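See structure below.
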Amino acid sequence: KDDKHLAHAELKLSLGVPIMSLGSLAPVPTLLAAVFLSSPPARLVVGAPQEVRAANQTGGLYRCDYSTSLCEAIHLQVPPEAVNMSLGLSMAATTKPFQLLACGPTVQHACQENMHLTGFCFLLVSQSQQAQRIPAALQECPRQEQDIAFLIDGSGSIDYEDFTKMLNFVRAVISQFRTSNFALVQFSSKFKEHFTFRAFAASSNPLRLLSSIQQLGGYTHTASAIRKVTELFIAAKGARKDASKILIVITDGQKTGDPLGYKDVIPQAEAAGIIRYAIGVGWVGGLPRLPILTSS
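The UniProt record's numbering puts the last residue of the sequence shown at 296; the count rises by one with no breaks.
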């Protein structure tokens with residue numbers, strides 16, 4: 001086939017045998033999968049993966065008859081979730097007994113923020129029998145459990161209004177992520193473990209755990225607090241083995257009087273597999289330091 005032939009709306013397949021036409025409905029097929037040898041006349045199956053069959057549905061299969069030089073579409077029950085699958089892009093066949101496996105490998109499957117490239121295959125064993133779909137349906141998105149620890153700044157540099165905003169934020173996140181477990185530690189130059197993952201999971205009303213929290217006051221030992229909060233991510237504190245470990249630090253970014261530096265504690269959090277986020281509150285002068293606290 002030359003470029004001019006490929007541009008024609010009505011495609012002709014030159015096979016060294018009588019010319020066959022897919023008609024004007026199909027674009028250029030890119031794969032020829034198999035010849036039907038099980039019963040005369042011999043037939044050829046053609047895949048047209050770029051064909052637009054319907055909205056969000058690409059690809060098709062054609063059965064071509066050598067004796068008549070005609071092709072007819074093979075009708076399959078394509079599930080609605082098989083969006084733009086490029087059916088016929090991948091095919092394999094056996095002749096004794098006849099079996100044809102035709103696949104569309106370009107189905108996009110979104111799982112939260114991740115996009116998976118998967119596909120469907122159809123197994124044809126006879127002309128009269130409906131093709132078997134493999135898999136029968138797309139797999140459900142894997143459920144990733146999350147253990148989320150809040151580390152909130154209760155030092156004297158945080159005013160009462162901003163401290164209240166912190167607690168309201170924590171309350172909103174807990175209400176939104178109902179399948180996650182939470183823990184909360186407040187820090188200044190002192191540390192207060194308000195509740196662990198175990199206490200949260202055992203509570204019939206987890207939001208009530210926030211009701212009696214009072215601001216500590218004092219200096220801002222952020223690095224020491226990060227070391228302290230990593231101790232929450234253990235089974236004895238209710239952390240789950242296969243759950244993602246997430247730490248959310250809420251602070252004004254101004255570390256004062258801390259005997260430890262970030263370089264002393266961040267590698268420990270990294271080694272423990274803890275994903276860290278930092279949220280700024282209050283005085284903006286310390287906010288440029290927040291990226292130091294976050295995971296890269």
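Note that the Cβ used here is the ideal one computed from N, Cα and C, for glycine as well.
Note that the coordinates shown come from a computational prediction; the quantities given were computed from them, not determined experimentally.
- Between the alpha carbons of F122 and A102 lies a gap of roughly 5 Å.
- Secondary-structure assignment with DSSP links A149 through a beta bridge to A183, L247.
- Between the beta-carbon of I248 and that of Y219 there is about 21 Å, and that puts the pair past the 8 Å contact cut.
- Distance from the Cα of P206 is smallest, within the candidate group R227, Q214, Q176, for Q176.
- A direct Cα-Cα distance of roughly 24 Å separates E72 from T106.
- Membership of P267 in the alpha helix (DSSP H) is indicated by the continuous run 262-271.
- Note on the stretch 92-178: whole alpha helix (DSSP H) runs with a minimum of 4 residues are 160-176, in chain order.
- Look at T68 here: in three-state DSSP terms it is coil, with no helix or strand label.
- Each of V125, A55, M91 was checked against the Cα of P80, and the nearest Cα belongs to A55.
- Contact annotation: M85 and G119 have beta-carbon atoms nearer than 7 Å.
- By the Cβ test, the stretch 138-148 is not in contact with the stretch 89-98, since fewer than three Cβ pairs between them sit closer than 8 Å.
- Per DSSP, the continuous alpha helix (DSSP H) segment holding I226 begins and ends at 222-229.
- Segment contact: the stretch 237-252 against the stretch 186-203, three or more CB-CB distances shorter than 8 Å; contact assigned.
- In the three-state reduction of the DSSP assignment, A82 falls in the coil class, being assigned neither a helical nor a strand state.
- The alpha-carbon of Q99 is positioned some 57 Å away from that of L232.
- Within 10 angstroms of the beta-carbon of G104 lie 16 or more other beta-carbons, which makes it buried.
- Here K241 is actually not in contact with A272; their C-beta atoms are around 13 Å apart, not less than 8 Å.
- DSSP places R198 in the helix class (H, G or I) of the three-state scheme.
- A distance below 6 Å between beta-carbons, with the five flanking residues on each side excluded, links D258 to the following residues of its chain, in chain order: H221, A223, S224.
- Contact between the stretch 170-188 and the stretch 199-218 is present: 3 or more CB-CB pairs across the two stretches fall below 8 Å.
- DSSP, read as helix, strand or coil, puts A236 in helix.
- By the CB criterion at 7 Å, I250 and I152 fall inside the cutoff.
- Taking 8 Å as the upper bound for CB-CB distance, G217 and G156 are in contact here, some 5 Å apart.
- Comparing alpha-carbon positions, the option among L117, V125, T164 lying closest to P97 turns out to be V125.
- Within the same chain, Cβ atoms closer than 6 Å to the Cβ of G282 are found at I158, D162, D252, the five residues on either side in sequence being excluded.
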